[in-house]
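Visitor: Taking numbering that gives the first Met the number 0, the leading residue of the sequence shown gets 0, the next gets one more, and so forth. I'd like to ask some things about the structure below.
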Amino acid sequence: MELHMQSHHYVRRTPDWTAAAVSGLAAGALLMVIELFWSTMVAGVNPWGTTRLIAAILMGQGVLQTSLFSVSTVAAALAIHFVLGAVLGMILAAIIAPFQLDSSTGMVLLTGAVFGLAVYLLNFYGMTRFFTWFSDARGWHTLVGHMIFGMAAAIAYWKLESKDVAH
Numbered sequence: 000m001e002l003h004m005q006s007h008h009y010v011r012r013t014p015d016w017t018a019a020a021v022s023g024l025a026a027g028a029l030l031m032v033i034e035l036f037w038s039t040m041v042a043g044v045n046p047w048g049t050t051r052l053i054a055a056i057l058m059g060q061g062v063l064q065t066s067l068f069s070v071s072t073v074a075a076a077l078a079i080h081f082v083l084g085a086v087l088g089m090i091l092a093a094i095i096a097p098f099q100l101d102s103s104t105g106m107v108l109l110t111g112a113v114f115g116l117a118v119y120l121l122n123f124y125g126m127t128r129f130f131t132w133f134s135d136a137r138g139w140h141t142l143v144g145h146m147i148f149g150m151a152a153a154i155a156y157w158k159l160e161s162k163d164v165a166h
């Protein structure tokens with residue numbers, strides 16, 4: 000009897016970049032819905048708070064001073080969120096593809112969860128040196144949201160990736 004184990008060693012395999020970007024966009028949209036749900040239904044806070052935190056990356060800290068709805072603030076936050084989602088989806092695919100981490104549903108979900116954890120740590124502990132206002136958003140709910148983002152991006156990539164990509 001032979002024991003066959005999937006090896007996750009490095010192989011020269013190019014990710015499906017289109018599937019990666021689309022996966023990141025879809026996961027980013029899911030994260031936005033989760034954040035809006037959490038803020039309005041569970042935490043009972045202004046749902047535009049997270050939007051202003053994100054928009055302040057582009058618009059500056061002045062946008063944090065108001066609690067009113069603003070189309071320009073929402074547009075800036077959406078642009079930043081979706082660009083970052085697509086870029087993070089491509090980074091995740093660049094990790095998944097060469098190490099064959101898409102060998103099973105469990106492996107791709109685990110990879111996504113670890114990636115989401117890494118993104119959370121980078122965003123809320125590393126990037127707070129530059130964007131200090133993000134330190135207020137630290138917490139288990141934000142961590143869980145980012146892990147769900149990673150898992151959603153990973154599973155979407157797994158489902159969408161072309162199986163004909165050059166190896």
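A virtual CB, placed ideally from N, CA and C, is assigned to each residue, including glycine.
In three-state DSSP terms, what is residue 99?
Guide: Reading the sequence shown from its first residue, position 100 is the one you call residue 99. In the structure shown, residue 99 sits in coil (DSSP, three-state: anything other than H, G, I, E or B).
Visitor: Return the residue from the list 27, 54, 105 that minimises the CA-CA distance to residue 144.
Guide: If you number the sequence shown from 1, residue 144 lands on position 145. Nearest option by C-alpha distance: 27.
Visitor: Tell me the DSSP secondary structure of residue 128 in three-state form.
Guide: What you label residue 128 is simply residue 129 of the sequence shown in a count that begins at 1. Correct three-state label for residue 128: helix.
Visitor: Would you kindly report the start and end of the unbroken alpha helix (DSSP H) that includes residue 16?
Guide: The count along the sequence shown starts at 1 and reaches residue 16 at position 17. Run containing residue 16: 16-36, per the alpha helix (DSSP H) assignment.
Visitor: Nearest-angstrom Cα distance between residue 138 and residue 124?
Guide: On the sequence shown, residue 138 is found 139 positions in, with the first residue counted as 1. On the sequence shown, residue 124 is found 125 positions in, with the first residue counted as 1. Roughly 11 Å separates the two Cα atoms.
Visitor: Enumerate in chain order the residues of its own chain whose CB-to-CB distance from residue 0 is below 7 Å, with the five nearest sequence positions on each side excluded.
Guide: Here residue 0 refers to the residue found at position 1 when the sequence shown is read from its first residue. Because the pLDDT of residue 0 is 43, which lies under 50, any placement of that residue in the model is unreliable, and the question is left without a value.
Visitor: Do residue 33 and residue 107 have their C-beta atoms within less than 7 Å of each other?
Guide: Walking along the sequence shown from the start, residue 33 turns up at place 34. Walking along the sequence shown from the start, residue 107 turns up at place 108. No, they are not a contact pair.
Visitor: Between residue 111 and residue 22, what straight-line distance do the alpha-carbon atoms span, to the nearest angstrom?
Guide: As a first step, residue 111 is located in the sequence shown; it is residue number 112 there, counting from the start. As a first step, residue 22 is located in the sequence shown; it is residue number 23 there, counting from the start. Answer to the nearest angstrom: the Cα atoms are 11 Å apart.
Visitor: At the level of alpha carbons, what is the spacing between residue 140 and residue 89?
Guide: Mapped onto the sequence shown, residue 140 falls at position 141. Mapped onto the sequence shown, residue 89 falls at position 90. Looking at the two C-alpha atoms, the distance is approximately 24 Å.
Visitor: Around the C-beta of residue 74, are 16 or more other C-beta atoms found within 10 angstroms, so that it is buried, or is it exposed?
Guide: Residue numbering aside, residue 74 sits at position 75 when the sequence shown is read from its first letter. Exposed: under 16 other Cβ atoms inside 10 Å.
Visitor: Using the beta-carbon count (16 or more within 10 Å), is residue 84 buried or exposed?
Guide: For the purposes of this step, residue 84 is taken as residue 85 along the sequence shown, with counting starting at 1. Under this definition residue 84 is a buried residue.
Visitor: Quick check: the Cα distance between residue 99 and residue 61, rounded to an integer number of angstroms?
Guide: Along the sequence shown, one-based indexing puts residue 99 at 100. Along the sequence shown, one-based indexing puts residue 61 at 62. The straight-line gap from Cα to Cα measures roughly 45 Å.
Visitor: For residue 119 and residue 162, I'd like the C-alpha separation in whole angstroms.
Guide: Numbered from its first residue, the sequence shown carries residue 119 at position 120. Numbered from its first residue, the sequence shown carries residue 162 at position 163. Going from the Cα of residue 119 to the Cα of residue 162 covers about 30 Å.
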